[in-house]
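The number in this note's numbering is simply the position in the sequence shown, starting from 1, with 43 added. In what follows, a structure is listed as structure tokens, so that the remarks can point back to it.
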Amino acid sequence: MEEIYQEKLPEWEKIKDTYYKWYQFMEREVSFSLKDSQKHTKEHCARVLLYALVIANRMGLSESDIEVLGAAAVFHDSRRQNDWMDRGHGQRGAEYYQQYCLAHGLSFDERAYLVMAFHDIADNISTKKISEKALDSTILLYDIFKDADALDRFRLAANGLEETMLRTKEARGLKDFAKWLVTKMMGFPKVLMPNRYLIVVDMQNDFITGSMGTPQAQAIVEPVLKKMREYQGNIVLTLDTHSKDYLSTQEGKMIPVPHCITDSWGWQPIKEILQIQSERNGAIYLKPTFGSIRLAQDLAKTHCQTPIEEIELIGLCTDACVVSNALLLKAYLPEVPIYVDATCCAGITNEKHEAALQTMESCLIHVKRGGVI
């Protein structure tokens, strides 16, 4: 990759010695708890290291500050327990860093500890706690590190990073490079039909075998997987997403069955769906309600730039989230043909499934029955 870095990054010659020092240290000395991770790997940490060093160089940071970023980059995900949010992995990584320093004579910097410990915590809490320590440059280093970590979110999904997430102008200047680099390094395939979209709605554990699972949902798993594997356009996932206070919400009071609680097993897509998404780098939309307004808005924006030929929806449940998203998309994109494949959808009951299909047909959404309209 050195030739690429040399070509694409003007500061590469200035940062490469530091990059290789920390990269080789990580490969040799840092152990990762989550051995089978698909997303939080040493390759991810190496890209975070690269982005952090580039940003630091463009800001003219001191050698001491740069060392903090190097340590944070190589240790920050080393003590993850899963590939999801895993609140607390930052603290565990920071403690591992501190223990390593004590055991092996590596110079310990409390600023690196703080940057790691709080990188998975909300900013309003993190910045307050870090500020209480009154250590030079720590908030700036935290911002740089958060940006460097965020720049590699394109590995998670095609829409994994929004520019509004970035704190520094230096990071915003790296966004296009970061997307290009992760696509090249991870070998995501080219989308053969880029103007077509398959929306896979809420194929999550809780809706299939978990707290709200049904035989009807289980029956569509194989047809859904087959369609996803054969689809030559863009694949998009939606994930029903609720907080721990779900039962206090209006939905929770009307449907008092906790489900799809953030970072729980039930919230996760079934592993076969996730594998296809990872291989194709499909976009993911988290939604706290039946329909995703952001998905509709993003596709409407895309359509203005490059016309969308068609959108197809599959998944769960026909009479709740599928119909809600189909109608939202039709409202935002009235001239785009929208399809629903009934053979790859399931309702809470067969009767509600059929009623929802009829509702969508009444609203000019094309329903495929038996694979045909």
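Even for Gly, the Cβ is constructed at its ideal location relative to N, Cα and C.
- Residue 237 and residue 177 have their C-alpha atoms some 50 Å from each other.
- Between residue 268 and residue 319, the C-beta spacing is below 9 Å.
- For residue 384, there is no enclosing alpha helix (DSSP H); the residue is part of the beta strand (DSSP E) that begins and ends at 381-389.
- Distance from the Cα of residue 286 is smallest, within the candidate group 272, 305, 294, for 305.
- Shown here, residue 326 sits in a strand according to DSSP, grouped into three states.
- Counting only the Cα atoms, residue 143 lies some 36 Å from residue 202.
- The residue from 156, 243, 394 with its alpha-carbon nearest to that of residue 135 is 156.
- Under the three-state reduction of DSSP, residue 243 is assigned to strand.
- With a cut-off of 8 Å on Cβ pairs, the stretch 103-122 is in contact with the stretch 60-71, counting three or more such pairs.
- Between residue 61 and residue 110, the alpha-carbon positions lie close to 8 Å from each other.
- Secondary structure note for residue 136: its alpha helix (DSSP H) is the uninterrupted segment 132-147.
- Less than 9 Å divides the Cβ of residue 385 from the Cβ of residue 412.
- Taking the CA atoms as reference points, residue 294 sits about 31 Å from residue 270.
- Taking C-beta atoms as the reference points, residue 51 and residue 100 fail to come closer than 9 Å.
- Closest option to residue 103, judged by alpha-carbon separation, among 190, 221, 54: 54.
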